[in-house]
Amino acid sequence: MSAAASSGKSGGWIDAFLEMMAVERAAARNTLTAYEKDLIDARLFLASRGDLDGASAEAVEAYFADLGARGLSPATAARRRSALRQFYRFVLGEGWRDDDPSRRVEAPKAGRPLPKVLSRDAILRLIAAATAKDGAQGLRLTCMIELLYASGLRISELLNLPLAALARDPAFLMVKGKGGKERLAPLNDAARAAVKAYLEARPQFLPKGVKDSPWLFPSRGKGGKLTGRRVSQLLEDAAIAAGIDRETVSPHVLRHAFATHLLEGGADLRVIQTLLGHADIATTQIYTHVAGDHLAQVVRTKHPLAKKG
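Numbering of the sequence shown is given in numbering that gives the first Met the number 0, commencing with residue 0 and proceeding in unit increments.
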């Protein structure tokens with residue numbers, strides 16, 4: 000840790016934040032280095048404005064205005080904003096401050112990044128790696144991957160699924176998404192078979208002394224159900240076993256793969272919007288860029304006026 004980061008009260012907060020990122024979120028060394036540099040940059044600017052521990056919302060706003068005045072790229076400014084926002088959320092959660100001075104800061108304008116997508120072959124390898132795990136752990140992981148990929152669920156939607164929603168082998172799930180909006184999510188045969196196999200092993204994941212749980216994915220942890228962080232860890236382990244870069248695998252990437260592979264297969268964009276639960280079609284349209292090469296190939300080979308050869 001650099002001297003600039005570790006001196007004073009704010010320095011101690013930075014140290015604690017970076018330790019949390021390393022231990023709880025398994026952040027890579029390069030990620031931690033980037034966060035430290037970003038927070039040091041913010042601290043140098045805020046040194047005469049209360050430092051990180053005493054900075055006001057106006058001071059934080061001035062810092063981000065300064066980033067723009069320096070001519071930094073939108074991506075760099077967005078990264079530094081993200082680092083500071085995460086830092087202050089951590090500080091607020093620890094009770095070291097009773098406010099978040101970064102909350103009202105507007106995000107720098109940046110182009111929307113294209114989502115990461117796994118190929119169909121990578122999905123199959125990931126499922127195979129999960130299936131290869133012994134016992135109940137393998138059955139549960141296979142079930143989660145199949146549900147995420149078959150229905151395009153958000154991780155929060157997956158972990159909030161009640162047992163009753165799948166107890167009778169349904170062909171569709173009623174999912175409560177963002178804003179409490181409900182939508183139908185389809186289940187294919189592979190997902191239904193994975194659920195059926197997992198349900199037989201599910202009692203092994205119940206907390207001690209508890210006969211049953213309302214959640215499809217119960218846990219012996221404090222919350223009584225599996226957490227998103229734990230699912231991400233399990234997916235990374237499966238990725239390593241499958242020979243896939245673990246940085247490219249996450250619950251959200253499986254949701255992206257669901258949408259992209261549907262589009263590549265000829266699904267209507269409006270249908271994909273409905274299946275994903277997007278309120279705005281503009282959010283869904285990003286998948287036309289991800290699947291652009293495939294769509295161009297379809298036009299070249301299927302359009303009646305396309306040139307042959």
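We put the CB at the ideal spot given by N, CA and C, even for glycine.
Next on the checklist: Give me, in chain order, the residues of the same chain whose beta-carbon lies closer than 8 Å to that of T226; leave out the 5 immediate sequence neighbours on both sides.
Outcome noted: L158, S218 and G220
Item to check | C-alpha gap between L51 and S81, whole angstroms | outcome: 15 Å
Checklist entry - In chain order, what residues of the same chain lie with their CB nearer than 8 Å to the CB of L31, ignoring the 5 residues before and after it? => result L17, M20 and A21
Checklist entry - Quick one: what does DSSP say W214 is sitting in, helix, strand or coil? => result strand
Checklist entry - Within 10 angstroms of its Cβ, does L207 collect 16 or more other Cβ (buried), or is it exposed? => result The sequence as given places Lys at residue 207; Leu does not occur at that position. Classification for K207: exposed.
Checklist entry - So what's A256 in DSSP terms, helix, strand or just coil? => result helix
Checklist entry - Taking just the CA atoms, how far does G7 sit from R254? => result 43 Å
Next on the checklist: What would DSSP say about K132, mapped onto helix, strand or coil?
Outcome noted: coil
Checklist entry - Which full runs of the beta strand (DSSP E) of 3+ residues lie inside the segment 122-185, going along the chain? => result 171-175 and 181-185
Next on the checklist: Across the segment 255-274 and the segment 186-202, are there enough close Cβ pairs to call them in contact, namely three or more that are closer than 8 Å?
Outcome noted: no
Checklist entry - Quick one: is T247 buried, meaning 16 or more other Cβ sit within 10 Å of its Cβ, or exposed? => result exposed
Item to check | Other residues of its chain near V194: CB distance less than 6 Å, five sequence neighbours each side excluded | outcome: C142 and L165
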